[in-house]
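Undergrad: Can you read through this structure? Questions will come right after.
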Ligand code: S3P
């Protein structure tokens, strides 16, 4: 995959950003659209699919499992589904590249099918914990052989007769929830996941879109109980995927930090279970408006308008973490420019993302002259209300969001910032550099 050769990038002082743009399609929804389209009977047309490497790896895996997945000349994708139980055994290893979401969701799909599939990925993915899905999928009846610590490469032999289970997830993880619900599609009766805090609900929304019966109710402890009725007849159903709020976060924060900027980002997903960053930025004093709110493809979307703003430090509660779990790198950058202390609680999960993100954020900010500390599962950033020094070389550690966050920092800091490798940005946000530069940004290839 693209991570084979490093692409060093750098960014230096930029003027105001201005203009209107669209960010690529939502990564979470794109994976799910391909997978659930493949489990439905008939042809599903998908508009706005993210053509990032993570999603393309899921497309290739679904093809290897027997679904028809093609890209049309107009940029729309078509999935010819085979129905639940209709997938075939792949004759190659499924290489999911950098994608934890693709891996965990597909492990759930395979767990509910009478076949064996092998999974691997890049140097980041083979370090990530899979025991969190192995445990529930084995309860459903799958047999999984993995490396020490439940890591890739691993093999999944699906259950011949999958069992419906009720499973309380120790962490609020949409990937774990989705793996169980996807396996539960093959089981008779009801499969239930109880999560300690609500995580993104795109799997539930799309399962309903394709005709499954899914219920979701709050628990007394502040979590959610999600139940899917197994063995439904899923039917092909076209959909349009909104812009990814996690990708929009990068140009949005860049515009907040660069004085006199005003930008608009059209058709961004505003699902409340994904919108924690925007809520937090508003609490910090950010001028962000969600204009023309509407529903597209069963998901709320809006056109975002963002104006440069003076930010103040805030405390972000642990309960908000699932709704902005991918946004802490860029929030920490915003916090570095804010006036006063920002404390972000409940970040244990950041240790097991594409990199140890908690460590990567703290190390990178410290190199850029920002006072930062990790206290248990919390991150503390001391903003001075002025521009941090910057001027550092950052190791992105195969993590697209660390790369993008520090490139944003470099545009607003006193001195340029260099990233050792921006190749993984293409996993989630192909065209990031061109899009930001089109708004007035200053990201260039760095030569050693
Ligand atoms: C995702 C869920 C999150 C998130 C990831 C995408 C998904 O992971 O970090 O980028 O699409 O389900 P967890 O569910 O493990 O928190």
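Numbering (our numbering), first residue to last: 29 to 476.
Each residue gets a CB set at the ideal place from its N, CA and C atoms; glycine is no exception.
1) Can you confirm whether the segment 457 to 465 touches the segment 386 to 405 when touching is taken to mean that 3 or more C-beta pairs between the two stretches lie within less than 8 Å?
2) At a threshold of 7 Å, does residue 59 count as lining the ligand S3P (C-beta to nearest heavy atom)?
3) Could you please give me the residues that DSSP links to residue 147 through a beta bridge?
4) Where does residue 188 land, buried or exposed, given buried means 16+ other C-beta within 10 angstroms?
5) Who are the Cβ neighbours of residue 90 in its own chain at under 6 Å, not counting the five residues just before and after it?
6) Give me the DSSP bridge partner(s) of residue 331.
7) Rounded to the nearest angstrom, what separates residue 453 and residue 429 at their Cα positions?
8) Straight-line CA distance for residue 169 to residue 244?
9) Give the secondary structure of residue 75 by DSSP, where H, G and I count as helix, E and B as strand, and everything else as coil.
10) Could you tell me the distance, in whole angstroms, from the CA atom of residue 246 to the CA atom of residue 253?
11) Which partner residues does residue 402 have in the DSSP bridge list?
12) My output table needs one value for residue 30: the three-state DSSP class, helix, strand or coil.
13) Where residue 29 and residue 249 are concerned, what is the direct C-alpha to C-alpha distance, given to the nearest angstrom?
14) Output the distance between the C-alpha atoms of residue 179 and residue 148, rounded to the nearest integer angstrom.
15) Could you tell me which of 372, 339, 331 sits nearest to residue 345, measuring between CA atoms?
16) Taking the alpha-carbon positions, what's the residue 31 to residue 80 distance?
17) Which same chain residues end up closer than 7 Å to residue 306 when comparing Cβ atoms and leaving out the 5 residues on each side of it in sequence?
18) When the Cα atoms are used, what is the spatial distance from residue 313 to residue 394?
19) How far does the beta strand (DSSP E) with residue 222 in it extend, from its first residue to its last?
TA: By the coordinates alone:
1) no
2) yes
3) 122, 182
4) exposed
5) 62, 66, 97
6) 319
7) 7 Å
8) 24 Å
9) strand
10) 6 Å
11) 407
12) Any reading at residue 30 needs caution, since the residue's pLDDT is 41, under 50, leaving its predicted position unreliable; the model's value is listed next. In the structure shown, residue 30 sits in a helix (DSSP, three-state: H, G or I).
13) Low confidence applies here, because residue 29 scores a pLDDT of 42, under 50, leaving its location unreliable and the question unanswered by this model.
14) 9 Å
15) 372
16) Since pLDDT at residue 31 reaches only 42, below the 50 mark, its modelled position is unreliable, and the value read off the structure follows with that caveat. Cα-Cα distance, rounded: 13 Å.
17) 316
18) 24 Å
19) 218 to 223
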